[in-house]
Each structure stands twice: as structure tokens, then as C-alpha cells.
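Here is the structure we will look at.
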Amino acid sequence: MLLRHTPKEITERSALMINPAKTCQPIGAMYAALGIHGCLPHSHGSQGCCAYHRSALTRHYKEPVSAATSSFTEGSSVFGGQANMLQAIENIFAVYNPVIIAAHTTCLSETIGDDLKQIRKKALTEGKIPEGKYMISASTPSYVGSHVTGFSTMVKSMAGLAETTGKKNGKVNIIPG
Ligand code: SF4
4 MLLRHTPKEI
14 TERSALMINP
24 AKTCQPIGAM
34 YAALGIHGCL
44 PHSHGSQGCC
54 AYHRSALTRH
64 YKEPVSAATS
74 SFTEGSSVFG
84 GQANMLQAIE
94 NIFAVYNPVI
104 IAAHTTCLSE
114 TIGDDLKQIR
124 KKALTEGKIP
134 EGKYMISAST
144 PSYVGSHVTG
154 FSTMVKSMAG
164 LAETTGKKNG
174 KVNIIPG
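Each residue of the sequence shown is one higher than the one before, counting from 4 in this note's numbering.
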């Protein structure tokens with residue numbers, strides 16, 4: 004079939020093959036989070052973003068993908084989503100009981116200026132993250148980079164959970180993009 008196309012068309016087709024579609028950062032962050040045992044990804048933004056990211060991954064892998072959302076309303080879109088996030092942390096640990104919540108931002112929460120690291124600190128201070136449970140976060144505004152950037156940012160955040168034993172075992176862990 005390819006022989007029927009002009010050299011220009013073949014070049015364009017090849018370009019499509021080596022330049023695949025890119026989508027928004029949170030999809031990469033959500034995908035990375037799904038690789039952690041006992042983790043529930045959390046989308047800090049509107050329900051629409053979370054629904055889109057879940058359905059994109061569900062369609063691609065033909066597996067249902069679970070994720071929570073901060074469910075921004077008009078109020079949180081203007082005044083910030085901290086209250087929603089704190090309530091979400093409580094609800095997630097009470098209802099779904101994951102070992103870890105991996106939260107990522109969206110265009111909306113980034114534009115407002117929500118800081119998930121600061122919200123996590125507040126949640127810890129207020130005792131909303133139970134003993135033996137964790138929360139990590141990634142800043143993933145979708146007007147920068149792509150799902151590849153979101154994946155890397157979430158993986159970097161996961162690496163922050165590692166604690167040194169002080170001993171070397173002669174192995175290197177390589178985490179590709
Ligand atoms: S608003 Fe931003 S984060 Fe939400 S789906 Fe669109 S590009 Fe992705």
C-alpha cells in the first residue's frame with residue numbers, strides 16, 4: 004500500500020510514526036501512580052479533567068482505571084482548592100483505604116496557584132494522613148510539556164519516598180521515561 008504514495012507522503016507518514024500523539028501531563032502522572040501497589044491516583048482539579056484522564060487510560064488499556072478527584076466547584080475555582088483536597092484526603096483514606104495517595108495538579112489548580120506540598124504538610128499537621136500511610140504529589144500543569152513530563156514528575160516524587168539503608172547492594176535502578 005505504501006508504494007502507491009509519493010515520496011513526500013511516505014515521509015509524512017514516517018513522521019507520524021516517529022512523532023506520536025502527545026496528551027496532557029496529568030495522564031502521565033496518573034499512569035505512573037497506577038504502577039505503585041496500593042496507590043490511588045488523585046486529580047486535583049475539576050471532575051471533567053479526571054474523567055477525561057481515566058477514560059483515556061481505560062480506553063487504551065481496556066482496563067478500568069480508578070482515580071479520585073478534588074471535584075472543584077465555581078467557588079474552589081476562584082478561591083483555591085485546599086479545602087476540597089483536605090476533605091478528599093480524609094474521604095479517600097476512610098472509604099478506599101489505599102496505602103498511598105498520589106496527587107497531581109491540573110491546569111485549573113495550577114493557574115489558581117494551589118501548592119500540593121503545602122496542602123500535604125497541613126494534612127499531616129491536622130492528622131488527616133494516618134500512621135503508615137503516605138501522600139505524594141506532582142505539579143503537572145498541562146500547558147507545559149506532555150504526558151511524558153507528567154510521568155517523569157510523578158516518578159521523581161515517588162523516588163522522594165525512598166529511605167537510605169546506608170548500605171550499597173551493587174545494583175542500579177534505572178527508571179526510563
Ligand atoms: S484542562 Fe488541562 S489538565 Fe484538564 S484535561 Fe484539559 S489539558 Fe488536561
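Beta carbons are placed, not taken as given, at the ideal position from N, Cα and C, and that holds for glycine. Being a predicted model, the structure only gives us computed values, none of them experimental.
Comparing alpha-carbon positions, which option in the options lies nearest residue i?
i	options	result
residue 103	138, 121 and 34	138
residue 2	37, 163, 159 and 155	This structure cannot speak to residue 2, because the chain is shown only from 4 to 180.
residue 180	33, 123, 158 and 140	158
residue 47	39, 78, 33 and 88	88
residue 123	115, 146 and 107	107
Cα separation between residue i and residue j?
i	j	result
residue 91	residue 169	36 Å
residue 126	residue 11	57 Å
residue 80	residue 112	7 Å
residue 35	residue 62	17 Å
residue 140	residue 174	27 Å
residue 52	residue 110	9 Å
residue 64	residue 58	10 Å
residue 29	residue 118	15 Å
residue 60	residue 68	7 Å
residue 154	residue 161	11 Å
residue 132	residue 150	28 Å
residue 9	residue 70	46 Å
residue 42	residue 101	6 Å
residue 77	residue 25	29 Å
residue 172	residue 165	15 Å
residue 146	residue 56	15 Å
residue 4	residue 114	Confidence at residue 4 is low in this model, with a pLDDT of 43, below 50, so its placement is unreliable and no value can be given for it.
residue 45	residue 74	10 Å
residue 96	residue 72	13 Å
residue 142	residue 121	12 Å
residue 33	residue 130	25 Å
residue 148	residue 156	11 Å
For this session: Could you name each continuous beta strand (DSSP E) segment of 3 residues or more that falls completely within the segment 9–82, going from the start of the chain to the end?
Result: 42–47
Problem set entry | beta strand (DSSP E) runs contained entirely in the segment 87–146, provided each spans 3 or more residues | 103–108 and 137–141
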